[in-house]
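Student:
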Amino acid sequence: MHVITTQKELESAIAAFEKSEFVTVDTEFIRETTFWPILCLIQMAAPGVTALIDPLSPDIDLKPFFRLMANEAVVKVFHAARQDIEIIVHLGNLVPHPVFDTQVAAMVCGFGDSVSYDQLVQRITGARLDKSSRFTDWRHRPLSDKQLEYALADVTHLIKVYQHLSAELKREDRAHWLNEEMDILTSRETYDPHPEDAWKRLKMRLRKPQELAIVQAVAAWREREARERDVPRGRVLKDDAIYEIAQQAPRDAAALGKLRTTPKGWERSATATALLGAVNTALTMPKEAMPKLPKTFQPPEGSSAAAELLKVLLRIVAEKEGVASKVLASSDDIDRIAAEGDAADVPALQGWRRAVFGDQALRLVRGEIGIKFDKRRIAVFDL
């Protein structure tokens, strides 16, 4: 199989794709030893045209590819787009637009909460995907024809998947449902997390304001260090070390060297000196400026029964509308609606979700509708 390795070939391929209304896109990458994913292969397809692009080729500049990703006249179709978009944002400094994610579209079209791409392809096209090359080292060159066929199959089958789901959304008048989800997926803020917020991804074991301030400062330092050095966060500093540093609050190398979670002798390195700077900055932070953990939502007494009824209603509505239940409401949405009613600030009470499920959920909480078992079926009725 032919792989594009020159600029002339790339320009020609992109020119062909720019004439299409949509292009299906997938990437192969690795990131086991790096912070940023290493892009190893780009696969694209549209009716009548396919391409395999080698981004590791020294004769390739991906500017034409990024131009296509920014072309508003061509829909970019992905399945589970988040990681692919992350790579494009990092390398091309742009978010593809417009985007159609078939994983989200499948849930909106009633294919279930967790349908895999393999299952989706089989149900829509009848084809079975060969996944034997799934664990390929995509940096290796040359790639075999079998590996390339595996990679290309994902985007060629995606054409029919997209056409089917797109037609279904239009037929059911649900295109705007997907558009709301794609607005979030293609928001630049989704892919530019601030280092100062890195601590929020940790499984927090600590509660004291000073400890949280140190966790925030050290996690932000680690985030910047990992990005700059292009290594996984754990290569810079383990999570357990962050927790211990927050508890022990070492102010100097001697104190840092006594910790059990840091390598012996590491306290004398320039990296450790920078870390201590972050710790000492946190220790001088005014108490009112120290971070606080968000309050954990505790459903009030008596709301659990209402939540169980709401879950039944959610299942009824999801089955009736032919949409995955988790697209309509999360467990947290359900608990908050049960406890707070119309005051709950949750996605299920916003936009199209409110029209489909949220308003009925509020009517159930207010006692305006009920749920009954009638003729071997669960049904909703007015009270």
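In terms of the UniProt record's numbering, the sequence shown is numbered consecutively and its last residue is 383. Just so it is clear, CB atoms sit at the ideal spot from N, CA and C, and this is done for glycine as well.
Please classify K311: does DSSP put it in a helix, a strand, or coil?
Tutor: Of the three classes helix, strand and coil, the one that applies to K311 here is helix, per DSSP.
Student: Starting from the C-beta of I38, find all residues in its chain whose C-beta is less than 8 Å away, skip the five residues before and the five after it, and write them out in chain order.
Tutor: Excluding sequence neighbours, I38 sits near F29, I30, R31 and R139.
Student: Straight-line CA distance for P250 to A282?
Tutor: About 11 Å.
Student: Would you mind stating whether S133 and K146 have Cβ atoms separated by less than 9 Å?
Tutor: In this structure, K146 lies closer than 9 Å to S133 by Cβ.
Student: Determine, using beta-carbon pairs with one atom in the stretch 60-68 and one in the stretch 146-162, whether at least three such pairs fall under 8 Å.
Tutor: Short answer: they don't touch.
Student: Tell me the rounded alpha-carbon separation between E321 and W221.
Tutor: About 47 Å.
Student: Can you tell me the Cα-Cα spacing of L256 and T136, whole angstroms?
Tutor: Whole-angstrom Cα-Cα distance: 41 Å.
Student: To the nearest angstrom, how far is the alpha carbon of Q216 from that of L259?
Tutor: The straight-line gap from Cα to Cα measures roughly 19 Å.
Student: Quick one: Cα of S304 to Cα of R366, how far?
Tutor: Whole-angstrom Cα-Cα distance: 15 Å.
Student: Determine the contact status of T125 and Y162, defining contact as a CB-CB distance below 9 Å.
Tutor: Going by C-beta atoms, T125 is not nearer than 9 Å to Y162.
Student: Which of helix, strand or coil does DSSP assign to L212?
Tutor: In the structure shown, L212 sits in a helix (DSSP, three-state: H, G or I).
Student: If distances are taken between C-alpha atoms only, which option among A270, T190 and I214 comes closest to V279?
Tutor: Looking at the Cα atoms, I214 is the closest of the given residues.
Student: Excluding sequence positions up to five away, which residues of its chain have a Cβ less than 7 Å from the Cβ of T261?
Tutor: K238, D240, A241 and E244.
Student: Work out the CA separation of A16 and R128 for me, nearest whole Å.
Tutor: Roughly 28 Å separates the two Cα atoms.
Student: If you count every other CB in all the chains shown that lies within 10 Å of the CB of F381, and 16 or more means buried, which is it?
Tutor: Classification for F381: exposed.
Student: Grouping DSSP H, G and I as helix and E and B as strand, with all else coil, what is A379?
Tutor: A379 falls in the strand class under three-state DSSP.
Student: Rounded to whole angstroms, what is the Cα-Cα separation between A246 and R229?
Tutor: Whole-angstrom Cα-Cα distance: 24 Å.
Student: So, does the stretch 187-207 touch the stretch 267-276, judging by three or more C-beta pairs under 8 Å?
Tutor: Short answer: they don't touch.
Student: When we look at the beta-carbon of S187 and count the other beta-carbons within 10 Å, is it buried (16 or more) or exposed?
Tutor: Answer is exposed; the Cβ neighbour count stays below 16.
Student: For H79, count the other beta carbons within 10 Å of its own beta carbon; 16 or more makes it buried, fewer makes it exposed. Which is it?
Tutor: Classification for H79: buried.
Student: For the beta strand (DSSP E) holding T50, just list the boundary residues, first then last.
Tutor: Residues V49 to I53.
Student: Per DSSP, which one or two residues make a beta bridge with A46?
Tutor: Answer by DSSP bridge pairing, in chain order: V49.
Student: Could you check how far apart the C-beta atoms of V317 and V346 are, in whole angstroms? I think they sit under 8 Å.
Tutor: That belief does not hold up - the Cβ atoms of V317 and V346 are roughly 15 Å apart, past 8 Å.
Student: Drop a sphere of 10 angstroms on the beta-carbon of I87, count the other beta-carbons inside from all chains shown, and report buried for 16 or more, exposed for fewer.
Tutor: Buried: at least 16 other Cβ atoms inside 10 Å.
Student: Using CA coordinates, which residue listed in P291, A81 and A253 is at the minimum distance from A274?
Tutor: For A274, the nearest C-alpha among the options comes from A253.
Student: Assuming contact is defined by CB atoms lying nearer than 9 Å, are I60 and T27 in contact in what I supplied?
Tutor: In this structure, T27 does not lie closer than 9 Å to I60 by Cβ.
Student: So, is E368 buried or exposed, given that buried needs 16 or more other C-beta atoms within 10 angstroms?
Tutor: By the 10 Å Cβ count, E368 comes out exposed.
Student: Note down the Cα distance separating C109 from A348, rounded to an integer number of angstroms.
Tutor: Cα to Cα, the separation comes out at about 17 Å.
Student: Find the nearest neighbour of E18 within the set E340, K76, S114 and I53, judged by alpha-carbon distance.
Tutor: Of E340, K76, S114 and I53, the residue nearest in Cα terms is K76.
Student: Could you pull out every residue in the same chain whose Cβ sits closer than 6 Å to the Cβ of K326, ignoring the five residues on either side in sequence?
Tutor: Result list for K326: D113, in chain order.
Student: Within a Cβ cutoff of 6 Å, which residues of the same chain sit near F100, ignoring the five residues on either side of it in sequence?
Tutor: Excluding positions up to five away in sequence, the list reads V75 and V77.
Student: Answer yes or no: the CB of D252 versus the heavy atoms of the ligand HEM, is any distance below 8 Å?
Tutor: Among the ligands in the structure shown, none appear at all, so the ligand HEM cannot be discussed.
Student: Go ahead and label T24 buried or exposed: buried means 16 or more other beta carbons lie within 10 angstroms of its beta carbon, across all protein chains shown.
Tutor: T24 is buried by the Cβ-count criterion.
Student: Could you pull the start and end residues of the alpha helix (DSSP H) that I87 belongs to?
Tutor: Run containing I87: R82 to G92, per the alpha helix (DSSP H) assignment.
Student: Can you list, in chain order, the residues of its chain whose CB lies under 8 Å from that of L94, leaving out five sequence neighbours each side?
Tutor: Cβ neighbours of L94 beyond the five flanking positions: F66, M69, A70 and I88.
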